Amino acid sequence: MNIQIIKDFKKILKKKLLENRKIFSQLNTNCYRIYNRQLKDSINCTVDKYDKYIRITNYNDDITTEDKELIIESCFSNLYTPKDKIIWINKKKRVDKSQHEKLSEESIKLDVVEFGNTFEIDLTSRVDTGLFLDQVYARKYISEIAYDKDILNLFSYTGAFSVDAIINGAKSVTSVDLSKTYCNWQRRNYIKNNILESKNPIIEKDVIKYIDEAKKENKKFDIIICDVPSFSNSRKTETVFKVQRDYIELLDKLRYLLNENGIVYFSTNLENFIFNKNKLNGYKIENTTRKFLPDGFTKKSYPLHCYILTKDKFRKIYANNNTEKKYNKNIKKEYKKNSNHTYKKNRKEDFNKVKTNKKRQKVEIKPYSF
Ligand SMILES: C[S@@+](CC[C@H](N)C(=O)[O-])C[C@H]1O[C@@H](n2cnc3c(N)ncnc32)[C@H](O)[C@@H]1O
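Residue numbers 138 to 507, in the numbering used here, belong to the letters of the sequence shown in order.
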């Protein structure tokens, strides 16, 4: 490997460690990303800090032993971490199947801290460690608005969104995930944080099935978290889920589970995901990708797309049947009732804001501020 590249890599490691250690220690968090494939033509890996450990995830299938040693050596000398605490993981390209595969029978488990809450991590068994570091600011956002809210966490994985929201005073959090392994992992995280499952159920079920049942039972939530897998075809589901194909149908169904002014946090890691806002009615939609991208990640080399959708009772929906047509008629009536001077003015102001924001977006990137 070119000596200049290694020098640049070391510089990034040192700089990002110092910057992120400061930012995240203020948030009482000891796990964060340090290197995010900035030099991916030569050094195609990510480097994450998990308390005293460094985890290198390599994306280059053809890496030489020599280059691997150079990367490990750079982490050793610049991140103040002994070699026995540096973990190397190879991430193989996925061929259209679930990404949560077992890598190794041996597991290195430890507890890390995020916002003062404790989470179990496994550094070696799978590519994913049990805590998605890219969602840290999204979890912070949800925690900040969680107080006294009824929350539904779909595809809940090991329950990090749920734990942070419950500790911040959510009235209830219902978590749904298909996998027994991850539901049990979430239970262990609940125990570590003194959370009672009786008030915050963890349901082992296909999300699509859960949504259909909840709609029939007229269940309502204030916040729905929906961090979807790009692709899911488990034996336990009746259908295959593909985010780009199914997101409209999924989000459309979630509207029925929301209280008035309720929100959905929707995110995906599908690289080329396109959100066609014109296909989805009944919501105000904000793209929060830049706002929620954590320090240490770069949009250029990291495929995260996230959105906040707010239920808007004055937005019409696509009407496929008589009930939905009636819904639209009622909206029209209510809209007319409310279209007094202030209401119209507010909508006009909203519209103008969107227009100016669109112009501004080209030059201004707003970071998420705490
Ligand atoms: C949180 S999502 C992953 C999101 C992450 N951004 C990514 O791309 O990997 C992963 C979780 O979804 C769960 N999952 C996948 N398909 C599911 C389904 N149809 N119903 C419920 N849970 C599902 C898996 O068991 C896993 O815990």
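Glycine included, each C-beta is placed from N, C-alpha and C at the ideal position.
It should be emphasised that the depicted structure is a prediction, and the values quoted were computed from it without experimental measurement.
- Less than 8 Å divides the Cβ of L289 from the Cβ of F358.
- Our two residues, D432 and T261, have alpha carbons roughly 24 Å apart in a direct line.
- The three-state reading of DSSP puts R324 in helix, counting H, G and I together.
- Counting only runs of 4+ residues, the alpha helix (DSSP H) found wholly inside the region 245-314 occupies 273-282 and 297-304, in chain order.
- Inter-residue distance for L150 and Y420 is about 41 Å (C-alpha atoms, whole angstroms).
- The count of Cβ pairs closer than 8 Å, one atom from the region 425-443 and one from the region 385-394, stays below three, leaving the stretches out of contact.
- The DSSP-derived three-state label of R427 is helix.
- For E350, the uninterrupted alpha helix (DSSP H) segment begins and ends at V344 to K353.
- A Cβ closer than 5 Å to some heavy atom of ligand 1 marks a residue here, and those residues are F292, Y294, D314, L315, S316, Y319, D343, V344, D364, P366, S369, T374 and N406.
- Just so you know, the alpha carbons of Q323 and K474 end up roughly 47 Å apart.
- Within the same chain, Cβ atoms closer than 8 Å to the Cβ of F269 are found at Y294, A297 and D364, the five residues on either side in sequence being excluded.
- In the displayed model, N139 falls within coil according to three-state DSSP, outside both helix and strand.
- Pairwise C-beta distances place the region 175-185 in contact with the region 139-146, as three or more of them are shorter than 8 Å.
- Using a Cβ-Cβ distance cut-off of 8 Å, the region 340-356 and the region 370-384 are in contact, since at least three pairs of beta carbons, one from each stretch, lie closer than that value.
- In the structure shown, F451 falls within a coil segment according to DSSP collapsed to helix, strand and coil.
- As a beta-bridge residue in DSSP terms, E341 pairs with D314.
- Per DSSP, the continuous beta strand (DSSP E) segment holding F358 begins and ends at F358 to D364.
- In the DSSP annotation of this structure, the continuous segment of the alpha helix (DSSP H) that includes N215 starts and ends at T202 to N215.
- In terms of CA proximity to T447, N424 leads the group L441, Y319 and N424.
- Around the C-beta of N406, 16 or more other C-beta atoms lie within 10 Å, and the residue is accordingly described as buried.
- Per DSSP, reduced to three states, the secondary structure at N173 is strand.
- Here the C-alpha atom of I143 lies approximately 26 Å from the C-alpha atom of D265.
- Burial check for G399: the Cβ neighbour count within 10 Å reaches 16 or more, so the residue is buried.
- For N337, the closest C-alpha among the options K352, R158, C320 and N167 is that of C320.
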